[in-house]
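To start, the structure itself, in structure tokens.
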Ligand code: CDP
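Numbering (my numbering), first residue to last: 4 to 233.
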């Protein structure tokens with residue numbers, strides 16, 4: 004069967020990674036969470052006291068970037084690759100609200116984006132990949148055969164993220180999550196370098212009212228149609 008590239012973009016907490024993982028599993032494709040890479044870089048800066056709410060020196064971050072090595076290692080049990088920062092699994096740590104509150108500022112820096120995009124393109128060289136993020140269909144894989152743009156209302160998204168974090172035992176308030184979701188949407192859509200926009204040839208899906216299975220079936224059908232087209 005022909006292998007394609009699937010690019011999934013959209014606002015924060017739209018469930019892009021859920022769809023991407025489902026598709027990758029069903030099609031036996033690689034799944035790459037590009038947001039995890041920006042989150043891991045942010046975590047490194049936090050751990051080395053290079054950024055905080057009141058501290059942000061772009062030049063220092065760019066210099067520190069050289070010391071960061073990111074890798075995805077496949078976890079058999081989970082069925083997808085987990086992210087490693089300098090050989091340490093940081094999959095859980097990068098999902099905290101503290102990282103979420105700083106990541107979009109980090110992702111605005113062009114030098115950082117350049118390094119991430121180069122790695123992401125290398126991972127997709129043989130196709131058979133599902134990648135989710137903000138600029139996948141526009142910048143990373145502009146020639147992807149299937150591009151999806153996922154949206155949902157801010158309240159629905161904040162509720163999903165709130166449930167996810169509280170289930171993990173994180174003590175967070177719904178309001179702080181909603182604020183973060185809205186702030187990131189603003190930074191991500193208005194930044195100069197690779198803003199979050201729907202690619203002209205992307206299919207838009209609002210999943211505010213779609214169930215997981217219903218959504219998957221809908222997208223899987225579209226993917227198969229493209230794969231089977233010669
Ligand atoms: O999980 P969620 O949808 O909330 O976000 P994420 O995919 O983990 O991405 C975290 C942040 O990284 C985003 O809010 C963007 O600022 C940035 N990002 C980006 O700029 N480009 C990407 N391809 C992926 C993420």
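Beta carbons: idealized from backbone N, C-alpha and C, even for Gly.
Given a threshold of 16 other Cβ atoms within 10 Å of its Cβ, counted over all protein chains shown, does residue i qualify as buried or as exposed?
i	result
residue 38	buried
residue 129	exposed
residue 167	exposed
residue 144	buried
residue 183	buried
residue 192	exposed
residue 220	exposed
residue 40	buried
residue 91	exposed
residue 77	exposed
Check whether the Cβ of residue i sits closer than 7 Å to any heavy atom of the ligand CDP, and report yes or no.
i	result
residue 106	yes
residue 47	no
residue 38	yes
residue 34	no
residue 211	no
residue 19	yes
residue 83	no
residue 163	no
residue 41	yes
residue 15	yes
residue 191	yes
residue 166	no
residue 136	yes
Please state whether the Cβ-Cβ distance between residue i and residue j is less than 8 Å.
i	j	result
residue 10	residue 139	yes
residue 160	residue 16	yes
residue 137	residue 199	yes
residue 149	residue 7	yes
residue 88	residue 45	no
residue 189	residue 177	no
residue 152	residue 228	no
residue 211	residue 156	yes
The alpha helix (DSSP H) spanning residue i covers which residue range?
i	result
residue 62	61-67
residue 119	113-126
Give the range of the beta strand (DSSP E) segment to which residue i is assigned.
i	result
residue 35	33-36
residue 12	8-13
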